[in-house]
Amino acid sequence: TGSLPSEIGSLTKLKNLGAAGNNLSGEIPTEIGNLTLLEGINISANEFTKIPTSIGNLVNLSSLYLNNNKITGAIPVELGNLINLTSLYLSANQFSGAIPDTLSKLIKLQVVGLHDNQLTGAVPNSFTNLRVRYLLLQNNKLD
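Mapped onto our numbering, the consecutive letters of the sequence shown carry residue numbers 2 to 144.
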């Protein structure tokens, strides 16, 4: 239990952050954006409520697992900066609004899990440029 401390941002040489299933809660600290060498984040199965926009600084990230949390609001457009991302799991949260068009810039994506949220609207036409193997969108409110 507890939260992810803001001091995590001082671990600037960190390559992987794994803290899944620890009952952590609150907002993911903005300082996570300082960890520009990160290649993997798995903080799924917690009770986080918000993703900071600074996550867009993590351009070396290849996998991002934020599934099974309590994250609300829109999917941050800044995720479109994560040009090396191959796996993106945001499923089983409470995301709402449209799928950001900026995700179509992530040409290395292989797996996109956005299922089990409250997403609305249409899947962006630009997604046809992606070469994803798995696009999981079920259990949303998409057109």
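By construction, the Cβ of each residue, glycine as well, lies at the ideal position given by its N, Cα and C atoms.
Source: prediction; values computed, not measured.
Beta-carbon contacts of residue i that lie in its chain and below 6 angstroms, excluding the five residues immediately before and after
| i | result |
| --- | --- |
| V78 | P101, T103 |
| L137 | G114, H116 |
| G41 | N17, S64 |
| A93 | N68, N69, D117 |
Reduced DSSP category for residue i - H, G, I as helix; E, B as strand; rest coil
| i | result |
| --- | --- |
| K14 | coil |
| K51 | strand |
| L80 | helix |
| K142 | strand |
| L120 | strand |
| T166 | Lying outside 2 to 144, the shown extent of the chain, residue 166 is not represented and no answer is given. |
| L104 | helix |
| T37 | coil |
Residues that DSSP places opposite residue i in a beta bridge
| i | result |
| --- | --- |
| I42 | L18, L65 |
| G74 | F96 |
| L25 | G3 |
| S88 | S64, V112 |
| L137 | G114 |
Buried or exposed (CB count within 10 angstroms, at least 16 for buried), residue i
| i | result |
| --- | --- |
| N1 | An answer regarding residue 1 cannot be provided, because it is not within the stretch 2 to 144 covered by the chain. |
| S7 | exposed |
| V60 | exposed |
| I29 | buried |
| Y135 | exposed |
Proximal residues to residue i (C-beta, below 7 angstroms), its chain only, five neighbours per side dropped
| i | result |
| --- | --- |
| P125 | I100, D102, S105 |
| L110 | L86, T87, L89, L131, V133 |
| K142 | Q119, L120, T121 |
Neighbourhood of residue i by C-beta distance below 8 angstroms, restricted to the same chain and skipping five residues each side
| i | result |
| --- | --- |
| A21 | N43, I44, S45, A46, N47, Y66 |
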